[in-house]
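There are 2 protein chains.
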Amino acid sequence: MSKIYVVSLGPGGKEQMTCRAVKALEACDVITGYNVYIDLIKDDFPDKKFIKNGMRKEVDRCKATLDEALKGQTVAIVSSGDAGVYGMAGIMHEVAAGHPEVEIEVIPGITAACSGAAILGAPLICDFCLISLSDLLTPWEKIEKRLDCAARGDFCIAIYNPRSHKRADYLQKACDIVLRHQDGDVPAGIVHNIGRDGECCEVTTLKELRDHTEGVDMFSTVFIGNSQSKVINGKIVTPRGYHL
Amino acid sequence: MSKIYVVSLGPGGKEQMTCRAVKALEACDVITGYNVYIDLIKDDFPDKKFIKNGMRKEVDRCKATLDEALKGQTVAIVSSGDAGVYGMAGIMHEVAAGHPEVEIEVIPGITAACSGAAILGAPLICDFCLISLSDLLTPWEKIEKRLDCAARGDFCIAIYNPRSHKRADYLQKACDIVLRHQDGDVPAGIVHNIGRDGECCEVTTLKELRDHTEGVDMFSTVFIGNSQSKVINGKIVTPRGYHL
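One line per chain: the protein sequences are A and B, in this order. All residue numbers for the first sequence refer to this note's numbering, where the first residue is 1 and numbers rise by one. All residue numbers for the second sequence refer to this note's numbering, where the first residue is 1 and numbers rise by one.
Right, dumping it as structure tokens:
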């Protein structure tokens, strides 16, 4: 039976992958992926055939993966973070829909909400939402509605794709929506280059974040606490409600 | 400097931990944790001192961890899934608040939303919420409001602690709230014993889930898709909006 592994790479190098993910990459004949991620891992798996392409070529990448599987190759398509969170797991299933004979196994990994939260402290410890501000695939009106619902429900929020050159004011708009329901003093955090060279973080407030988004880029993940979140020894912590 | 690692174990055995988490456990003198998780890992780390206790003793466990660190030991407190998601990362920071000299490093892992989603296909591929139905630490009214907001925003939803003997009807109540905004045909899934013996999953619909919650217990994680989710070759897939 033809087999495709959708392998989550986690936030950074091999150390942040699971043993299961490493084994799947070792077991396959061909590894496909986005240029940047293939370049990150190829030295660790020297005897594999690699197929790589550029941004926004996700559908082509999945088609190439399926083609290799249909030839009888065991193929791994890699995805940074967790493949099931804004990653390749969904589109791979969609592209292979006409081939139920190809088995697809998704190997989970650590998504940026979790890896970034660990760096900031424990901002997402209870109910939270993940929202991407990229409107390439989702209408901006829908993103706005989700931000409003998340803040109305007093969820902690992890924001993916918070800002790019073309979307320079989206994070500010997002903060304004959250500020309809949350106090400006709610702790907020930014983590840059999670698990990669240049990893660093900033702890701030929702109001300050709103007024100073210029340091945020496509390699950043943004965190906004809920009404109970606080800063302890420089870390953002959202209490679950334990009695100390 | 005294050091505490808060180590995420991921969904199951050592294979689903990251290399970084394994290294932290190897580097420490003492490992603390809930009985069940210590029993799962102790054979892999035979030369460590273990301190374990029972459910609902989270504060005591963190105090014991801090005591060991203050004695100069390097301590790891373990947490299943991701320590930052309904795990030990928050309460550990709270208990150690008076000791800024103790460094706390949270090592992230794979939370049940991600590990369960991988088994079901790709139900959480875009914006989603995590909501726990346990009202031990969160008032039920707040949980109800969050469910309503999540469904109103057309988020995919991962439900933790969906049902127990004492909370036999909570999942049904939760489905009724989601049904205010979502169609009954929206795909839903249940994953039991993720990463452990007896792992299995069911793909169903929101309406069917609502009427048949009896198989769901405290070892289950429940997934509800959004208005775009569909079933492809028996897997739940939420499209992001790519053109095929």
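Built from N, CA and C at the ideal position, the CB exists for glycine as well.
Item, Value
"CB contact check: B:G121 to chain A, cutoff 8 Å", "yes"
"B:G90 and A:T18 closer than 8 Å at C-beta", "no"
"Contiguous alpha helix (DSSP H) assignments of at least 4 residues, all confined to the region 192-221 of chain B", "206-211"
"Own chain partners of A:A64 with C-beta closer than 8 Å, once the 5 adjacent residues on each side are dropped", "T32, I51, N53"
"Three CB pairs or more closer than 8 Å across the region 167-183 of chain A and the region 142-150 of chain A", "yes"
"Residue from A:P100, A:S132, A:K48, A:G184 with nearest C-alpha to A:L66", "A:P100"
"CB contact check: A:R226 to chain B, cutoff 8 Å", "Correcting the residue identity first, residue 226 of chain A is Asn in this sequence and not Arg. Chain B, which has no Cβ nearer than 8 Å to the Cβ of A:N226, makes this no."
"Reference A:T221; option with closest CA among A:V95, A:G234, A:G195", "A:G195"
"Straight-line Cα distance separating A:C129 from B:P123", "15 Å"
"B:R56, buried or exposed, once every other Cβ within 10 Å from all chains shown has been counted against 16", "exposed"
"Under 8 Å between C-beta atoms of B:I110 and B:Q16", "yes"
"Bounding residues of the alpha helix (DSSP H) (the contiguous stretch that carries A:N233)", "Careful: A:N233 lies outside any alpha helix (DSSP H) and carries neither H nor E."
"Contacts of B:P239 in chain A (Cβ-Cβ under 7 Å)", "G90, E94"
"Cut-off 7 Å between Cβ atoms - residues of its own chain near B:R20, not counting five sequence neighbours on either side", "I107"
"Contained beta strand (DSSP E) runs [length at least 3] in the region 121-148 of chain B, N- to C-terminal order", "128-132"
"Selected residue, minimal CA-CA separation from B:K3, among B:I104, B:E214, B:H212, B:V186", "B:I104"
"C-beta neighbour in chain B for A:C129, strict 8 Å", "yes"
"Strand pairing of A:N53, partner residues [DSSP]", "A:Y34"
"Three-pair Cβ contact test at 8 Å for the region 6-15 of chain B versus the region 217-237 of chain A", "no"
"Short-range partners of chain B found in the region 163-184 of chain A, where Cβ spacing is below 7 Å", "none"
"Contained beta strand (DSSP E) runs [length at least 3] in the region 39-103 of chain B, N- to C-terminal order", "49-53, 74-79"
"Selection from B:R210, B:T74, B:P162, B:A188 that minimises the alpha carbon distance to B:I131", "B:P162"
"DSSP-derived helix/strand/coil call for B:S8", "strand"
"Residues from the region 53-70 of chain B in contact with chain A, defined by Cβ distance under 7 Å", "E58, V59"
"Cβ pair B:C156, A:T138 closer than 8 Å", "no"
"Alpha-carbon spacing of A:V78 relative to B:L206, whole angstroms", "31 Å"
"Interface residues of chain A facing B:S115 [CB-CB closer than 8 Å]", "P108"
"Of the listed residues A:A76, A:R61, A:K49, nearest to A:L25 (C-alpha basis)", "A:A76"
"Residue of A:C28, A:S134, A:Y34, A:A113 minimising C-alpha distance to A:G72", "A:C28"
"B:V30, buried or exposed, once every other Cβ within 10 Å from all chains shown has been counted against 16", "buried"
"Interface residues of chain A facing B:C149 [CB-CB closer than 8 Å]", "C149, A150, R152, G153, F155"
"Secondary structure of B:C19, DSSP reduced to three states", "helix"
"CA-to-CA distance, B:E202 to A:A168, given in whole angstroms", "42 Å"
"Own chain residues within Cβ distance below 7 Å of B:G84, not counting five before or after", "V106, P108"
"Euclidean distance between Cα positions of A:D211 and A:K173", "11 Å"
"Which listed residue (B:V6, B:D39, B:Y34, B:N35) has its alpha carbon closest to that of B:K23", "B:V6"
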